[in-house]
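**Q**
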Amino acid sequence: MVALNPPFVGSCLCGSVQVRVDALPLLTVVCHCRGCQKFTASAYSLTTMFPRESVSCTGDLIRGGLGAGGKDHYFCQSCLNFIYSQIAGAEDRINLRTSVLDDATYFEPFVEVMTDEKMSWATVPVRHSYARTPASPEELLALMTDYKNR
Ligand SMILES: [Zn+2]
Ligand SMILES: [Zn+2]
Numbered sequence: 006m007v008a009l010n011p012p013f014v015g016s017c018l019c020g021s022v023q024v025r026v027d028a029l030p031l032l033t034v035v036c037h038c039r040g041c042q043k044f045t046a047s048a049y050s051l052t053t054m055f056p057r058e059s060v061s062c063t064g065d066l067i068r069g070g071l072g073a074g075g076k077d078h079y080f081c082q083s084c085l086n087f088i089y090s091q092i093a094g095a096e097d098r099i100n101l102r103t104s105v106l107d108d109a110t111y112f113e114p115f116v117e118v119m120t121d122e123k124m125s126w127a128t129v130p131v132r133h134s135y136a137r138t139p140a141s142p143e144e145l146l147a148l149m150t151d152y153k154n155r
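Numbering of the sequence shown is given in my numbering, commencing with residue 6 and proceeding in unit increments.
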């Protein structure tokens, strides 16, 4: 594993949204749910979770998705690149789309969730795999600890 040293920077496809992160990631996640398949036009989404206050974004963002279920999804207003999502009840964290980061390859997935809905051929080498999601906030924190000590 390559040593990760913040700050991490990234951008959307067109470059009008610039992202800077001044903390180490809390967790890296693949989500195989049908919603993420549609959001990303791909087999699964790649998330790198960071403390909310460590992430700064410049450029115009718009909210997309269904705006329901306590999940907000933000996109570049110009190129509509998916940038991050924010989940109600977890306002202290931001789910950055890993592909936005310049060094995306170093944020390899540690956990996969929602394998119940995965495309049958989609396999990702991860340490922890969930048919749905971690059962409790405590379990999520335990994953973060495991990730930190990886
Ligand atoms: Zn853009
Ligand atoms: Zn998902």
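C-beta: ideal position from N, C-alpha, C; glycine also.
Would ARG102 and SER50 qualify as a contact pair, given that the criterion is a beta-carbon distance under 9 Å?
**A** Yes, the pair counts as a contact, with Cβ atoms nearer than the cut-off.
**Q** Please work out which residues of its chain come closer than 8 Å, Cβ to Cβ, to ARG137, disregarding the five sequence neighbours upstream and downstream, and give them in chain order.
**A** Closer than 8 Å at Cβ, skipping near neighbours: VAL118, MET119 and ASP121.
**Q** What residue range does the beta strand (DSSP E) around GLY69 cover?
**A** That run of the beta strand (DSSP E) goes 66-69.
**Q** Please say whether VAL116 and SER104 have beta carbons closer to each other than 9 Å?
**A** Result no, Cβ atoms of SER104 and VAL116 do not sit closer than 9 Å.
**Q** For GLY69, which residues in the same chain have their Cβ closer than 6 Å to its Cβ, ignoring the five residues on either side in sequence?
**A** Only HIS78 and PHE80 meet the Cβ criterion.
**Q** Mapping the DSSP letters down to three states, classify GLU143 as helix, strand or coil.
**A** Here GLU143 sits in helix by DSSP.
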